[in-house]
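Engineer:
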Amino acid sequence: MFAFPSTSTGISTVILLDTEDMTSLHNMGVLAIGPTPQSVYSQECFQKYKDFHYGTGAFKSPGSRDRAVAIKISKRDFFDFKDLVDEYCEGKGK
Amino acid sequence: MKGRESEILLLVFFGTDLLNCVRFPRYSYDSSSSTLTFQAWLGPIQATLVSTLYYGFFLAIGSLPPSIQDRVSIATITKYEEFQGIYTWSERVPELGLNVYSDMRSEEVKFVAEVAFLETYEELVQNAKLWLEGNKTVSLVMLVKLEEDPCYRRPIQDLTESEFGELEFPPWDEIRNQPFALSGPYGPAEYKGFKWVGKVSGFFEFWAPDPVTRLASRITTRMVSNPLRNVSYPSLPM
Numbered sequence: 099m100f101a102f103p104s105t106s107t108g109i110s111t112v113i114l115l116d117t118e119d120m121t122s123l124h125n126m127g128v129l130a131i132g133p134t135p136q137s138v139y140s141q142e143c144f145q146k147y148k149d150f151h152y153g154t155g156a157f158k159s160p161g162s163r164d165r166a167v168a169i170k171i172s173k174r175d176f177f178d179f180k181d182l183v184d185e186y187c188e189g190k191g192k
Numbered sequence: 634m635k636g637r638e639s640e641i642l643l644l645v646f647f648g649t650d651l652l653n654c655v656r657f658p659r660y661s662y663d664s665s666s667s668t669l670t671f672q673a674w675l676g677p678i679q680a681t682l683v684s685t686l687y688y689g690f691f692l693a694i695g696s697l698p699p700s701i702q703d704r705v706s707i708a709t710i711t712k713y714e715e716f717q718g719i720y721t722w723s724e725r726v727p728e729l730g731l732n733v734y735s736d737m738r739s740e741e742v743k744f745v746a747e748v749a750f751l752e753t754y755e756e757l758v759q760n761a762k763l764w765l766e767g768n769k770t771v772s773l774v775m776l777v778k779l780e781e782d783p784c785y786r787r788p789i790q791d792l793t794e795s796e797f798g799e800l801e802f803p804p805w806d807e808i809r810n811q812p813f814a815l816s817g818p819y820g821p822a823e824y825k826g827f828k829w830v831g832k833v834s835g836f837f838e839f840w841a842p843d844p845v846t847r848l849a850s851r852i853t854t855r856m857v858s859n860p861l862r863n864v865s866y867p868s869l870p871m
């Protein structure tokens, strides 16, 4: 996976490639027993979301959270991302 | 509800739910471009503008006949998911929305205000397209672009600890009472020789679906106005 930042649009943009490929692999995978695991990519996006909230990881430096962050993500991975956010917020008693 | 009562309501609403909000960042999804965006909650300048819009709508709704008042509600920081076409599965949390109950008792969003401070104008326009081309009930979108010149940058971040100590800043809760020097009515604002806020300016414009193509199109010129109350707003189809 290759990541690169772009600031040409004014908001910090992190584009992670191969999202569709990852989704395809996810779809082609062996049927899981029990809860469907969220894709690796959606988990990466969720981690980025948490980092943005807590000011950790890539958002540790002062001012790094002053701009919105945009990420390319397939619909399937977006649904997984939402599930992860919901599960996390419920666990936090939000 | 008028006068003091409405002020209290506004204070309670914004004081607890919006201005002091420490929830997780907002996230939005534009399925037409497969773009997930997360952004911080409103800063003070955005929040002030949103509260002005909210108060304006609050007063306007209060002047309507009761039967219509009951059908209208103002929503702030509410997630909308009802998008169609290439925007299906999109989600968006606008700064302000005006919802109207239809005769079928279903709530439809009619007006949306998008207030951008850090986002670009192009991103605001994309949001207008999402609302007007992806949601058939929205008939009017207000885009507000706020700008700060120079853009805020923590002015003391490069100071050493001793340099910072020499400045003898008061406790943070006393700083608001200190004399900030304003170069103009909208900034920049300086304190202890540092520029803390740049000059704030902005503009707004209204967008609506083109009557023929149904595509999002700007229906007003770009407006820079102070005070906002001198502006005659386009009518909102109900």
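Chains L and D supply the protein sequences, listed in that same order.
Every number in this note's numbering is 98 more than the matching position in the first sequence, counting from 1.
Every number in this note's numbering is 633 more than the matching position in the second sequence, counting from 1.
Beta carbons: idealized from backbone N, C-alpha and C, even for Gly.
This structure is a prediction, so every number in the text was calculated from the model and none was measured.
Which of the three DSSP states is assigned to D/R851 in this structure?
Structural biologist: Reduced to three states, the DSSP call for D/R851 is strand.
Engineer: What residues from chain D crowd round L/F150, counting only those whose CB sits closer than 7 Å?
Structural biologist: P658 and F671, listed in chain order.
Engineer: Check for me: the alpha helix (DSSP H) holding D/I701 runs from which residue to which?
Structural biologist: Run containing D/I701: P699 to Q702, per the alpha helix (DSSP H) assignment.
Engineer: Run the CB neighbour count on D/R809, radius 10 Å, all protein chains shown included, and call it buried at 16 or more, exposed below.
Structural biologist: Its Cβ having fewer than 16 others within 10 Å, D/R809 is exposed.
Engineer: Hey, how far is the Cα of D/G695 from the Cα of D/Y687?
Structural biologist: Straight-line Cα distance between these residues: approximately 12 Å.
Engineer: Between the Cα of D/Q702 and those of D/K769, D/L731, D/Y662 and D/V726, spot the shortest distance and give me the residue it belongs to.
Structural biologist: It is D/L731 whose Cα lies nearest to the Cα of D/Q702.
Engineer: Specify whether the segment 772–781 of chain D and the segment 744–754 of chain D touch according to this definition: at least 3 beta carbon pairs, one from each stretch, less than 8 Å apart.
Structural biologist: Yes: at least three Cβ pairs fall under 8 Å.
Engineer: Between which two residues does the alpha helix (DSSP H) harbouring L/K146 extend?
Structural biologist: Per DSSP, L/K146 belongs to the alpha helix (DSSP H) from V138 to Y152.
Engineer: Quick check: is the beta carbon of D/S665 nearer than 8 Å to any beta carbon in chain L?
Structural biologist: Output row for D/S665: interface = no.
Engineer: Check the Cβ of L/V167 against every Cβ in chain D and list those closer than 9 Å, keeping chain order.
Structural biologist: The contacting residues are P658, L669, T670, F671 and Q672.
Engineer: Which full runs of the beta strand (DSSP E) of 3+ residues lie inside the segment 777–843 of chain D, going along the chain?
Structural biologist: With a minimum length of 3 residues, the continuous beta strand (DSSP E) runs that stay inside the segment 777–843 of chain D are 822–824, 827–830 and 832–842.
Engineer: Tell me whether D/F827 is buried or exposed, calling it buried when 16 or more other Cβ atoms sit within 10 Å of its Cβ.
Structural biologist: By the neighbour-count rule (16 or more Cβ atoms within 10 Å), D/F827 is not buried but exposed.
Engineer: Alpha carbons only, please: which of D/A693, D/K769 and D/I678 is nearest the one belonging to D/Y713?
Structural biologist: Selected option, being the one with the closest Cα: D/K769.
Engineer: Below 8 Å on the Cβ atoms is my contact criterion, and I expect D/Y824 with D/F839 to pass it. Report the Cβ-Cβ distance as a whole number of Å.
Structural biologist: D/Y824 to D/F839, Cβ: 37 Å. No contact.
Engineer: Please list, in chain order, all residues of the same chain as L/K180 whose beta carbon is under 7 Å from its beta carbon, the five residues on each side excluded.
Structural biologist: There are no such residues.
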